[in-house]
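Shown next, in structure tokens, is the structure this report addresses.
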Amino acid sequence: MIKTAHIGVGISGQEGIQAVLASDYSFSQFKFLQRLLLVHGRWSYLRMCKFLCYFFYKNFAFTMVHFWFGFFCGFSAQTVYDQYFITLYNIVYTSLPVLAMGVFDQDVTEQRSMEYPKLYEPGQLNLLFNKREFFICIAQGIYTSVLLFFIPYGVFADAAQLADYQSFAVTVATSLVIVVSVQIGLDTGFWTAINHFFIWGSLAVYFAILFAMHSDGLFQMFPNQFRFVGNAQNTLAQPTVWLTITLTTVVCIMPVVAFRFLKLDLKPELSDTVRYTQLVRKKQRAQHRCMRRVGRAGSRRSGYAFSHQEGFGELIMSGKNMRLSSLALSSFAARSSSSWIETLRKKKGGDSNASSPSGGADKPLKG
1 MIKTAHIGVG ISGQEGIQAV LASDYSFSQF KFLQRLLLVH GRWSYLRMCK
51 FLCYFFYKNF AFTMVHFWFG FFCGFSAQTV YDQYFITLYN IVYTSLPVLA
101 MGVFDQDVTE QRSMEYPKLY EPGQLNLLFN KREFFICIAQ GIYTSVLLFF
151 IPYGVFADAA QLADYQSFAV TVATSLVIVV SVQIGLDTGF WTAINHFFIW
201 GSLAVYFAIL FAMHSDGLFQ MFPNQFRFVG NAQNTLAQPT VWLTITLTTV
251 VCIMPVVAFR FLKLDLKPEL SDTVRYTQLV RKKQRAQHRC MRRVGRAGSR
301 RSGYAFSHQE GFGELIMSGK NMRLSSLALS SFAARSSSSW IETLRKKKGG
351 DSNASSPSGG ADKPLKG
């Protein structure tokens, strides 16, 4: 039964050694199966689906640009990108961000996954990656490739300063790297320091390699390989190029953002609702902690600290503001420094003097 299952699970024990050896996962108690399915199994399915969808998208966006370029070069062997960019695209520029998403991404926390078992249902129904999702990824990649090629082509067709092939290749390649980086930022649901480092680091590495390939140093070492000295610096120094890259990025990303916003607003899934509830609870806890912090900082502890001292009792009974200046507090402390025993003696002494007739001594009664 374990061997015929998609993923075999065995429970270790005196009679479960053979099951453990034949299984993919093993644990000591049966109650751990719930966490294995609802948390780790669900996260693994979610990460794998996102990984595959993004992988197909970025490669179709990269490859189909050559197809559109073929109509203008007679379907020759000429490529749009530089040969080194083609080599490093899947190895350096876009490999680590998608790897980080496939390892660390999650839509809801572990506690919410255990609290809402119905979140496991999309995996059973194969809703996150199927033929429909596959063709959506392909369509999105083709749409992105059309914009990546024809927007710079239209700009360079009427350009007065930049109209060469190398500048066009740098513009298209830079637009592609920025668009796929923004897209994986939208696909990432759980950001960590590693995600930030891989995404922004990949962009930094791209620009570093781009400027290095068009530098004087590499041309002096390899004059037959790196002939276009200063092309990247000259191209990216033009405001028109950056406006083209910005326009291409916005037009490629805006339909995705609009579709997700409408879907979240009109037809949210259970994971979206749980994530929103989680965000609301987090904000409420933060506000509660802030209010408690302000309350502790603004209150002054007043009362009878000891049974034989008055403390701030007179001030409390007076109904005045407790936020006194330092001078008023010092004077009040001086007035209240005597103990309650001395105060009681003074009061008793005053009562006895008031009860005696004109201060004279009492005379004995005559019989």
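Sequential numbering of the sequence shown, starting at 1, is according to full-length UniProt numbering.
Every residue, glycine too, gets a C-beta built ideally from N, C-alpha and C.
- Message: Give me, in chain order, the residues of the same chain whose beta-carbon lies closer than 7 Å to that of F62; leave out the 5 immediate sequence neighbours on both sides.
- Response: Apart from sequence neighbours up to five positions away, the residues of its chain that approach F62 with a beta-carbon distance below 7 Å are Y89, L176, ordered along the chain.
- Message: From the DSSP secondary-structure annotation, give me the bridge partner or partners of S26.
- Response: DSSP lists G10 as partners of S26.
- Can you give me the Cβ contacts of V257 inside the same chain, cut-off strictly under 8 Å, excluding the 5 residues immediately before and after it? Counting only Cβ-Cβ distances below 8 Å, and skipping sequence neighbours, we find L186.
- Kindly indicate the opening and closing residues of the alpha helix (DSSP H) around S202. Unbroken alpha helix (DSSP H) run through S202: 193-213.
- Going by other Cβ atoms of all chains shown within 10 Å of its Cβ, with 16 needed for buried, is C137 buried or exposed? Under this definition C137 is a buried residue.
- With S76 as the anchor, note down where its alpha helix (DSSP H) starts and where it stops. In the DSSP annotation of this structure, S76 is not part of any alpha helix (DSSP H), being labelled neither H nor E.
- Message: Give me, in chain order, the residues of the same chain whose beta-carbon lies closer than 7 Å to that of S271; leave out the 5 immediate sequence neighbours on both sides.
- Response: Once the five neighbours on either side are set aside, the close Cβ partners of S271 are D107, V108, L119.
- Task: Taking the CB atoms as reference points, tell me whether I7 and A19 lie closer together than 8 Å.
- Result: Result no, Cβ atoms of I7 and A19 do not sit closer than 8 Å.
- Query: Within the chosen definition, does the stretch 184-203 reach the stretch 96-116 through at least 3 CB pairs nearer than 8 Å?
  - Reply: Look at the beta carbons and you see the stretch 184-203 touching the stretch 96-116: at least three pairs across the two are nearer than 8 Å.
- Give the straight-line distance between the Cα atoms of T246 and R292, rounded to the nearest whole angstrom. The alpha-carbon atoms of T246 and R292 are separated by roughly 46 Å.
- Answer yes or no: do V180 and T94 have a C-beta to C-beta separation smaller than 8 Å? Cβ atoms of V180 and T94: closer than 8 Å.
- Query: Do V65 and L148 have their CB atoms nearer than 8 Å?
  - Reply: Cβ atoms of V65 and L148: closer than 8 Å.
- Query: Short check: CB of F198 to CB of L96, under 8 Å?
  - Reply: In this structure, L96 lies closer than 8 Å to F198 by Cβ.
- Message: On a Cα-Cα basis, can you pick out the residue from F30, C290, T144 that is closest to P255?
- Response: The shortest Cα separation from P255 among F30, C290, T144 belongs to T144.
- Message: Could you give the first and the last residue of the continuous alpha helix (DSSP H) run that contains D216?
- Response: That run of the alpha helix (DSSP H) goes 216-221.
- Could you tell me which uninterrupted alpha helix (DSSP H) segments, each at least 4 residues in length, are contained entirely in the stretch 107-186, listed from first to last along the chain? Qualifying alpha helix (DSSP H) stretches, in chain order: 110-115, 121-124, 131-157.
- Query: Given a threshold of 16 other Cβ atoms within 10 Å of its Cβ, counted over all protein chains shown, does P152 qualify as buried or as exposed?
  - Reply: So P152 ends up on the buried side.
- Message: Can you tell me whether Q140 is buried or exposed? The criterion is at least 16 other CB atoms within 10 Å of its CB, across all chains shown.
- Response: Flag for Q140 reads buried.
- Task: Go through its chain and collect everything with a Cβ distance to F168's Cβ below 7 Å, but skip five positions before and after it.
- Result: Taken in chain order, the residues that qualify are P152, F156.
- Task: Using 10 angstroms around the beta-carbon of N195, count the other beta-carbons present and answer buried if the total reaches 16, otherwise exposed.
- Result: Per the 10 Å Cβ criterion, buried.
- Note down the Cα distance separating P223 from F72, rounded to an integer number of angstroms. C-alpha separation (whole angstroms): 29 Å.
- If we count Cβ pairs, one from each stretch, closer than 8 Å, do we get three or more for the stretch 122-133 versus the stretch 224-231? Contact between the stretch 122-133 and the stretch 224-231 is absent, because fewer than three Cβ pairs lie under 8 Å.
- Among the residues of its own chain, which have a CB less than 7 Å from the CB of R42, if the five just before and after it don't count? Here the set comprises S113, L119, Y120, G123.
- Between which two residues does the alpha helix (DSSP H) containing I253 stretch? From DSSP, the alpha helix (DSSP H) with I253 extends over 239-266.
- Query: Can you list, in chain order, the residues of its chain whose CB lies under 6 Å from that of C252, leaving out five sequence neighbours each side?
  - Reply: Closer than 6 Å at the Cβ level, and outside the excluded window around C252, lie T144, L147, V179.
- Message: Out of Y25, G13, F207, which one is the CA nearest neighbour of A5?
- Response: Selected option, being the one with the closest Cα: Y25.
- Task: Assign V229 to one of three DSSP states: helix, strand, or coil.
- Result: When secondary structure is reduced to three states using DSSP, V229 falls in the coil class, being assigned neither helix nor strand.
- Task: Note down, in chain order, each residue of its chain lying with its Cβ closer than 6 Å to the Cβ of C290, except the 5 sequence neighbours on either side.
- Result: Residues of the same chain with a CB within less than 6 Å of the CB of C290, apart from the 5 flanking positions on each side, do not exist.
- Task: Quick one: grab the DSSP three-state call for N224.
- Result: Shown here, N224 sits in coil according to DSSP, grouped into three states, outside any helix or strand.
- Message: Cutting at 7 Å between CB atoms, please list the residues of its own chain near C53, excluding the five before and the five after it.
- Response: Same-chain partners within the cutoff: F129, E133, C137.
- Item | Given Q238 as reference, the closest of V170, W200, K267, I184 once Cα atoms are compared | Ranked by how close their Cα comes to the Cα of Q238, the residues V170, W200, K267, I184 have V170 in first place.
- Anticipated Cβ contact below 8 Å, F85 with A173, distance rounded: Contact holds; Cβ gap of about 5 Å.
- Message: Suppose the cutoff is 7 Å on Cβ atoms and the five residues either side in sequence are ignored; what does the same chain contact list for T87 look like?
- Response: In its chain, beyond the 5 residues on either side, no residue has a beta carbon closer than 7 Å to the beta carbon of T87.
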